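Data first, discussion second: the structure below is written as structure tokens.
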Amino acid sequence: MSEPLLSVQHLEKFYQKTHILHNINFDLFAGEVLTLLGPSGSGKSTLLRCLNGLEPYQQGTLIFDGQTITQQPKQWQHLRQQIGMVFQSYDLFPNRTVLENILLGPIKVQKRSRTIVLPEVQSLLTQVGMQDYAQSYPRQLSGGQKQRIAIVRALALKPKLMLFDEITASLDPEMVRDVLTIMRQLADRHQMTMLIVTHEIAFAQQISDQILFLAEGQIQEQTSGSQFFTHPQTKRAQDFLASMDF
Numbered sequence: 000m001s002e003p004l005l006s007v008q009h010l011e012k013f014y015q016k017t018h019i020l021h022n023i024n025f026d027l028f029a030g031e032v033l034t035l036l037g038p039s040g041s042g043k044s045t046l047l048r049c050l051n052g053l054e055p056y057q058q059g060t061l062i063f064d065g066q067t068i069t070q071q072p073k074q075w076q077h078l079r080q081q082i083g084m085v086f087q088s089y090d091l092f093p094n095r096t097v098l099e100n101i102l103l104g105p106i107k108v109q110k111r112s113r114t115i116v117l118p119e120v121q122s123l124l125t126q127v128g129m130q131d132y133a134q135s136y137p138r139q140l141s142g143g144q145k146q147r148i149a150i151v152r153a154l155a156l157k158p159k160l161m162l163f164d165e166i167t168a169s170l171d172p173e174m175v176r177d178v179l180t181i182m183r184q185l186a187d188r189h190q191m192t193m194l195i196v197t198h199e200i201a202f203a204q205q206i207s208d209q210i211l212f213l214a215e216g217q218i219q220e221q222t223s224g225s226q227f228f229t230h231p232q233t234k235r236a237q238d239f240l241a242s243m244d245f
């Protein structure tokens, strides 16, 4: 069996004296979609931020693509080119066009040729239906359009792993549908490895190979997507699903 793309071993996270994440362990293999579910405040987003170097963790081991992460800034700078992350807040530069926002990483950070990168970016924009907005500014876009551009910007770096942190939370239902369709395409057509935090339970049921259910900073249940939604094993997971409309 192949080695996991990402292995998280005994990860512990504290804020001062508050224990946020307790003994987190899981493996994620290339091409898989793993979804983190759980109530608000359970540590899902904090875990994602630990996996991308945005939050330090105090104990445990992360191994990405065979490399043990030491939490040194230079190492994270390199790894962030391979671990894309999309946030709820888009984080687009307001005074740069859509095209400039996307080209910045591949050209300035990865030092790739604009001649090579530009057709790749134009293809990505076409795939998400945003090819006519390359010269628009973020202020001219809807929330759903901004989120699609944020996804393209992350994909332009050609990451091996994509992290999605509640990216539909502030969108209206029609925009949610459009963004989730793009994520399904990444999984189905491109076999993109993804780790997702979402409250879109029906979407999670459709797309997830694995489910990690967190509560109070601990993994309460770790199982396949089909198993979790049909036969949750713990009372905490059963109560969570019973409270959701999907």
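If you read the sequence shown in numbering that gives the first Met the number 0, its first letter stands for residue 0, the second for the next number, and so on. Here a beta-carbon is modelled for each residue, glycine too, at the ideal position from N, C-alpha and C. Everything numeric in this text was worked out from a predicted model, so none of it was measured.
- Continuous beta strand (DSSP E) stretch holding isoleucine 196: start and end: The residue asked about is misnamed: residue 196 is valine in this sequence, not isoleucine. DSSP places valine 196 inside the beta strand (DSSP E), whose first and last residues are 192-196.
- Message: So, under 8 Å CB-CB, arginine 152 and proline 93 are touching, yes? Tell me the CB distance rounded to an integer number of Å.
- Response: Not confirmed; about 14 Å, so no contact.
- Message: Helix, strand or coil, according to DSSP, for glutamate 119 in the structure here?
- Response: Collapsing the DSSP output to three states places glutamate 119 in a helix.
- Query: In chain order, which beta strand (DSSP E) runs of at least 3 residues are fully inside the stretch 118-206?
  - Reply: For the stretch 118-206, whole beta strand (DSSP E) runs of length 3 or above, ordered along the chain, are 160-164, 192-196.
- Message: Using only the alpha-carbon positions, how far apart do serine 112 and threonine 180 sit?
- Response: The straight-line gap separating the alpha-carbon atoms of serine 112 and threonine 180 is approximately 31 Å.
- Within 10 angstroms of the Cβ of glutamate 173, are there 16 or more other Cβ atoms? Answer buried if so, exposed if not. Flag for glutamate 173 reads exposed.
- Task: Go through its chain and collect everything with a Cβ distance to alanine 149's Cβ below 6 Å, but skip five positions before and after it.
- Result: So the qualifying residues of the chain are Val85, Tyr89.
- On a CA-only basis, which of Gln221, Gly65, Ser141, Thr167 is nearest serine 1? Give me that one, please. Out of Gln221, Gly65, Ser141, Thr167, Gly65 has the C-alpha closest to the C-alpha of serine 1.
- CA-to-CA distance, proline 118 to glutamate 220, given in whole angstroms: Straight-line Cα distance between these residues: approximately 43 Å.
- Counting pairs of Cβ atoms below 8 Å between the stretch 124-140 and the stretch 34-52, do you hit three or more? In short, these stretches do not touch, since the Cβ pair count stays below three.
- Minimum C-alpha distance to tyrosine 56 - residue among Lys110, Leu20, Gln87: Closest by alpha carbon: Leu20.
- Task: Can you tell me which of Ser44, Leu35, Ser6, Gly37 puts its alpha carbon nearest to the alpha carbon of phenylalanine 28?
- Result: For phenylalanine 28, the closest alpha carbon among the candidates Ser44, Leu35, Ser6, Gly37 is that of Ser6.
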